[in-house]
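Residue numbers (the working numbering): 304 to 1082.
(1) How would you call residue 870, buried or exposed, if buried means at least 16 neighbouring beta carbons within 10 angstroms?
(2) Let's test the definition: count the other Cβ atoms within 10 Å of the Cβ of residue 629 and tell me whether it reaches 16, buried, or not, exposed.
(3) CB-CB under 7 Å to residue 461, same chain, minus the five flanking residues each way: which ones, in chain order?
(4) Report all residues from its chain with a CB closer than 7 Å to the CB of residue 707; omit the five preceding and five following residues, and keep chain order.
(5) Pick helix, strand or coil for residue 639, following the three-state DSSP scheme.
(6) With 16 other CB atoms within 10 Å as the buried threshold, where does residue 738 fall?
(7) Measure the C-alpha to C-alpha separation of residue 888 and residue 1069 and round it to an integer number of angstroms.
(8) Excluding five sequence neighbours on each side, which residues of the same chain lie with their C-beta closer than 7 Å to the C-beta of residue 1003?
(9) Are the CB atoms of residue 437 and residue 472 nearer to each other than 8 Å?
(10) With DSSP as the reference, label residue 588 as helix, strand or coil.
(11) In this structure, how does DSSP classify residue 559 when only helix, strand and coil are distinguished?
(12) Within 10 angstroms of the Cβ of residue 521, are there 16 or more other Cβ atoms? Answer buried if so, exposed if not.
(13) Does the beta-carbon of residue 917 have 16 or more other beta-carbons within 10 angstroms, so that it is buried, or is it exposed?
(14) Report the residue from 896, 686, 1017 and 586 whose alpha carbon sits nearest the alpha carbon of residue 940.
(15) Can you tell me which of 821, 752, 979 and 673 puts its alpha carbon nearest to the alpha carbon of residue 696?
(16) Tell me whether the segment 449–461 and the segment 412–421 touch, counting them as touching only if at least three CB pairs, one residue from each stretch, are closer than 8 Å.
(17) Am I right that residue 841 and residue 820 are in contact with their C-beta atoms under 8 Å? What's the rounded C-beta distance?
(18) Do you know whose CA, among 634, 633, 632 and 616, lies nearest residue 626's CA?
(19) List the DSSP bridge partners of residue 398.
(20) Measure from the alpha carbon of residue 1089 to the alpha carbon of each residue in 817, 938 and 566, then state which is nearest.
(21) Indicate the three-state DSSP secondary structure (helix, strand or coil) for residue 782 in the structure shown.
(22) Relative to the C-alpha of residue 920, which candidate in 897, 911 and 910 has its C-alpha closest?
(23) With a threshold of 16 other CB atoms inside 10 Å of the CB of residue 1052, please say whether the residue is buried or exposed.
(24) By the DSSP assignment, the beta strand (DSSP E) with residue 1023 in it spans what residues?
(25) Would you identify the three-state DSSP class for residue 1038, choosing helix, strand or coil?
(26) Please name the residue in 371, 355, 391 and 641 whose C-alpha comes closest to that of residue 330.
(27) From which residue to which residue does the beta strand (DSSP E) around residue 1070 run?
(28) Can we say the segment 484–499 touches the segment 332–350, given the rule of at least three CB pairs closer than 8 Å?
(29) Beta strand (DSSP E) containing residue 566: first to last residue?
(30) Could you give the uninterrupted runs of the alpha helix (DSSP H) lying entirely in the segment 796–851, keeping only those of 4 residues or more?
(31) Just to confirm the assignment, what range does the beta strand (DSSP E) spanning residue 617 have?
(32) Could you spell out where the alpha helix (DSSP H) holding residue 434 opens and where it closes?
(33) How many angstroms separate the CA atom of residue 513 from the CA atom of residue 459?
(34) Per DSSP, residue 405 is paired with what?
(35) Please report how far the alpha carbon of residue 558 lies from the alpha carbon of residue 549, in whole angstroms.
(36) Please return the same chain residues whose Cβ sits closer than 6 Å to the Cβ of residue 319, not counting the five positions on each side in sequence.
Rendered as structure tokens:
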């Protein structure tokens, strides 16, 4: 139940998919670059797909991508940032369309951005590539009147293979006498495409070429784009538009009339990649002259240190959409994906370039770790067949951790095994919330119900047969107890029975009361009816039985409940022991993997001191002294009387001597206090129910235990952390260049008051200051 509420809380805290896009400047010169930064914030484990925006008048030169993980509102958030370096292909106002992001069933979209491009485009910058120019020159001009401006769309082919390149050229034909009347250059709007990836290669800012058609000389503006279809089938290319204005007269103040002629649409058929020879699980990658490399730096790592692995793809094709290689990372190596870099370098009129996938790798254990034969499958556009690129296995050699020297050579730290002294915390932690509610509510309700029943006079409405039955039951119980204590008690008179009971250790008042009650019971059964109240006598017999047996019945029931609880707990311990453990990793020196495993266990079983002890031991081996000390403090709060914990807390470097009570450890745990309070609560109400004054003292003890548990929990709930490094600056303000108010030693405990992004406002005694979140290890 608690886990369900926690999961609901985390889901409620998750933020929806968000995307923002911004540029480093909104006005640029011709020939300079503008950087478009796309930031995507997402939660959950579903992959995030970022679709680059449509660009009008801009060209992608390169792109980089990186991902970070942070905690926002109690939920894990993944932040992906993609930087696109863009260059303008024409002057005037250019547009960056909306960025669309998809994660599972969720989508998000940013706003469009307009950028002003000042200056003029030189002829060389708008000149068509040689193969495009040759194609335009041999293609016939459209049919048009001598005084008409025409727009034409040309495709280098009417059939293209999925993943291959299609050159799309938009031409605006201006008769030279009309073009001479233009006061401003025309604006050519390329056609809208759906289901295609576009690289723009040029826009009109000047005349791209001149050509004579019949008796009319034309100046031609051209826009060239490279299109990569994303789906097979018919690709619909909508009409293109050119906008220009002509003055009504030759006067400078003459009003202008705007014209917007359009072209005919164009259709291109996209053929799917062949099914023959397609590898299983093929991702659809298409390229030509593709090269695949995997570089590791350095080749030899120390345990706990980081290295860099770079997977590089180079060749011709849609570089931006090449998927990530599927690398089989070995155990003992932790991998953290870093930036993805894309560089576009056109080659002989084709889109080509390089895409790099960077990974940060950390060795967890010594030895040789092998990345088995990396492979990359793609469809070769030149050979029209599927190709698999294979590399030789890459070995990562790791040696023992240099940080192991922080551990004293005379002390060999070992992992702690589960112990019976931690069973109370595990038992209390395993009880669901409904159990505590029932313990708090049922005993007083039961006592009040019984008392109300007694006050309502139920015993007086019972008939004589029921009273006689109760008397027989009471008589049988008393006979059984007396025979257990005194053999042949049935044949002894009152004085002899009293002496026999005193001889076996029964106090004299109790023995006298037993004799008197037995005589009254016999009188009620065998004497005249109506002289003794049966209900009152039965209650008196029950009281005598409890005095003689020490509340045997209640003790037996409690023992049974305790036995069942211990059996269930033992089964839980056996099943937990059968699960996979990190002890083997610890023996092989894979301390980082061991720490990660125990951290996961501690999160799953927060009441276990064993996991916290072993987490601290693993971190201590890695040289993370503050992390080890924090874990051992958490363990001490779960098991304050454990010799293992006290011994570990004495390891140097110790926590700062002045802690202002932040690292205070209570002598009795919250679980122990709650368990004692629950037992006293139940026993107290049972005692009150049988009209014993000692029940009030038990109830007061139960309330005291609850108050103690609440105080300890409140003190433990403070947001406290230990300073990670020596000589850490406590800053006056939450920014890097802020002056340091003081310098803190490693292990100094501080209390966190609030946060602003990565900065935390902390309190240390009478002073406050700012620290980065990574400079504190939380307790």
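Ideal placement from N, C-alpha and C gives every residue a C-beta, glycine not left out.
Nothing here was measured: the structure is a model prediction, and the numbers come from that model.
Judging by the given coordinates:
(1) Legend: pLDDT at residue 870 = 36, less than 50; position of this residue unreliable, no value from coordinates given.
(2) exposed
(3) 571 and 572
(4) Low per-residue confidence applies at residue 707: pLDDT is 39, beneath 50, and the placement is therefore not dependable, though the value from the model is reported in the following sentence. Answer for residue 707: 924, listed in chain order.
(5) strand
(6) exposed
(7) 44 Å
(8) none
(9) no
(10) coil
(11) strand
(12) buried
(13) buried
(14) 1017
(15) 673
(16) no
(17) So it is not a contact: roughly 11 Å between Cβ atoms.
(18) 616
(19) 359 and 417
(20) Absent from the model: residue 1089. The displayed extent of the chain is 304 to 1082, so no value can be given.
(21) helix
(22) 897
(23) buried
(24) 1023–1026
(25) coil
(26) 391
(27) 1070–1075
(28) no
(29) Segment: none, residue 566 is in no beta strand (DSSP E) and carries neither H nor E.
(30) 797–806 and 811–829
(31) 609–619
(32) 433–441
(33) 20 Å
(34) 352 and 410
(35) 8 Å
(36) none
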